[in-house]
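Everything on this sheet refers to the single structure shown next.
Number of protein chains: 2
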Amino acid sequence: MENLDFINKLRNSGLRPTKQRIKICEALFNTDKTFHFTVNDLAEIMQKNFNEKISLATLYNTVHAFKKKGYVKEISLGNDKSYFDTNVSFHHHFFDIRTNELTDINSNEIELKNIPNPPKGKSIKEIDVVINVENDSQ
Amino acid sequence: MENLDFINKLRNSGLRPTKQRIKICEALFNTDKTFHFTVNDLAEIMQKNFNEKISLATLYNTVHAFKKKGYVKEISLGNDKSYFDTNVSFHHHFFDIRTNELTDINSNEIELKNIPNPPKGKSIKEIDVVINVENDSQ
DNA sequence: TATTTAGTTTATAATTAATCTAAAGTAGAA
DNA sequence: TTCTACTTTAGATTAATTATAAACTAAATA
Ligand SMILES: [Mn+2]
Ligand SMILES: [Mn+2]
Ligand SMILES: [Zn+2]
Ligand SMILES: [Zn+2]
Numbered sequence: 004m005e006n007l008d009f010i011n012k013l014r015n016s017g018l019r020p021t022k023q024r025i026k027i028c029e030a031l032f033n034t035d036k037t038f039h040f041t042v043n044d045l046a047e048i049m050q051k052n053f054n055e056k057i058s059l060a061t062l063y064n065t066v067h068a069f070k071k072k073g074y075v076k077e078i079s080l081g082n083d084k085s086y087f088d089t090n091v092s093f094h095h096h097f098f099d100i101r102t103n104e105l106t107d108i109n110s111n112e113i114e115l116k117n118i119p120n121p122p123k124g125k126s127i128k129e130i131d132v133v134i135n136v137e138n139d140s141q
Numbered sequence: 004m005e006n007l008d009f010i011n012k013l014r015n016s017g018l019r020p021t022k023q024r025i026k027i028c029e030a031l032f033n034t035d036k037t038f039h040f041t042v043n044d045l046a047e048i049m050q051k052n053f054n055e056k057i058s059l060a061t062l063y064n065t066v067h068a069f070k071k072k073g074y075v076k077e078i079s080l081g082n083d084k085s086y087f088d089t090n091v092s093f094h095h096h097f098f099d100i101r102t103n104e105l106t107d108i109n110s111n112e113i114e115l116k117n118i119p120n121p122p123k124g125k126s127i128k129e130i131d132v133v134i135n136v137e138n139d140s141q
């Protein structure tokens, strides 16, 4: 994706294409593969790979704005920090409870049969399957 | 369960049956139904229903000790706080993303087919299915 | 282009869940 | 009863996240 595409993507989302947001788009969406990150990870990526010191407040703001637009997903884990995912398709995860490493599982690799009806008056927004793993040796 | 059963349960687990732990056992395990709670919820339960002011440090210590012994389970959610479950059987959850309410799903109500092989050298510790729901109206 | 405006960034403070510390208390062994 | 290790606790600390409010800037308007 070109820099200009990000500018349009932001404008079309009602988000002003600021210097910071464009760089964050590059970091998140200008990659071969999707990936998982915490906001702190992103701060380091911006610093180390892009030489951009963007404040944590802005990173939180932006990541949440992107989440609202559906450009990233937040992943539910028992950890005390929040993970985000640039893979916004429906999929699941292995989660290494020692290293906190996340690995994608394609949605067609797990078959969920007989999804029960939600409590009355409620409807399903999302289904998350997390397979917690750890090293054999331990 | 009788008070003495909890004392034995604690002793057999290598945990001294202190006044605080016995009361916490009553609160957690002397109920018709299993339930979900945060450590803060538990603090309120001890205060309101048992007239026991137990320090948060002790509640955290005890809940984690009980988790290690398999008497409670910790539930993975995208929330910023940790939930515990007195239902330690294998089961899944509806999670209301507005009210943070958890509802059990019996493990036989969802069929998980084709669970993929974990990354090499790793083995599965637990599988959590969370079905995020919210009120229709919203 | 100059001016205005509303949205954005940022340093910093505040909040909150959770853990750590170290002193005082207690269960159980000797 | 004495001793020891385990436990509880108030209070300090950490760490993720959110809130605040002033400075900045994109974009609309004159
Ligand atoms: Mn959050
Ligand atoms: Mn936290
Ligand atoms: Zn993923
Ligand atoms: Zn449950």
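Taken in sequence, the protein lines are chains A and B. Quick note on my numbering: the first sequence kicks off at 4 and runs consecutively. Quick note on my numbering: the second sequence kicks off at 4 and runs consecutively. Every residue gets a Cβ at the ideal spot worked out from N, C-alpha and C, and that includes glycine.
Report yes or no: is there a C-beta of chain A within less than 8 Å of the C-beta of B:Thr-106?
-> Yes - at least one Cβ of chain A is within 8 Å of the one on B:Thr-106.
Mind pulling the chain A residues with CB within less than 7 Å of B:Glu-55?
-> Under the 7 Å cutoff, chain A gives no residues; its nearest Cβ is about 27 Å from B:Glu-55.
Can you tell me the Cα-Cα spacing of B:Lys-22 and B:Ile-57, whole angstroms?
-> Cα-Cα distance, rounded: 10 Å.
Buried or exposed (CB count within 10 angstroms, at least 16 for buried), A:Asn-54 = With fewer than 16 other Cβ atoms within 10 Å, it is exposed.
Which residues in chain A sit within 7 Å of B:Lys-128, going by Cβ to Cβ distance?
-> The contact set of B:Lys-128 on chain A, defined by CB atoms closer than 7 Å, consists of Ile-100, Asn-135, Val-136, Glu-137 in chain order.
Proximal chain B residues relative to A:Lys-36, where beta-carbon distance stays under 7 Å = Chain B residues near A:Lys-36: none, gap ~16 Å exceeds 7 Å.
Taking only beta-carbon atoms, is A:Val-132 less than 8 Å away from chain B?
-> It does; some Cβ of chain B falls within 8 Å.
At least three beta-carbon pairs within less than 8 Å, the segment 36 to 50 of chain B to the segment 33 to 47 of chain A = Taking 8 Å as the limit for Cβ pairs, the verdict is that the segment 33 to 47 of chain A does not touch the segment 36 to 50 of chain B.
Within-8 Å CB hit, A:Asn-103 to chain B | For A:Asn-103, the answer is no, since every Cβ of chain B falls outside 8 Å of its Cβ.
Among B:Arg-24, B:Cys-28, B:Asn-138, which has the Cα closest to the Cα of B:Arg-101?
-> Of the listed residues, the one whose Cα sits closest to B:Arg-101 is B:Asn-138.
Pairing CB atoms from the segment 108 to 122 of chain B with CB atoms from the segment 107 to 116 of chain A, are three or more of them under 8 Å?
-> Under the Cβ criterion (8 Å, minimum of three pairs), the segment 108 to 122 of chain B counts as touching the segment 107 to 116 of chain A.
What distance in whole Å lies between the Cβ atoms of A:Arg-24 and A:Thr-89, which are believed to be in contact at a cut-off of 8 Å?
-> Not a contact, Cβ separation roughly 15 Å.
Does the beta carbon of A:Ser-79 sit closer than 8 Å to a beta carbon anywhere in chain B?
-> So, interface residue.
Touching or not, the segment 10 to 18 of chain B and the segment 121 to 138 of chain A, by the rule of three or more beta carbon pairs under 8 Å?
-> Contact fails: fewer than three Cβ-Cβ distances are below 8 Å.
B:Glu-114 touches chain A at which residues, Cβ-Cβ below 7 Å?
-> Lys-116, Asn-117, listed in chain order.
Report yes if the C-beta of B:Leu-105 is less than 7 Å from at least one heavy atom of ligand 6; otherwise report no.
-> For the structure depicted, ligand 6 is absent and the ligand set comprises only ligand 1, ligand 2, ligand 3 and ligand 4.
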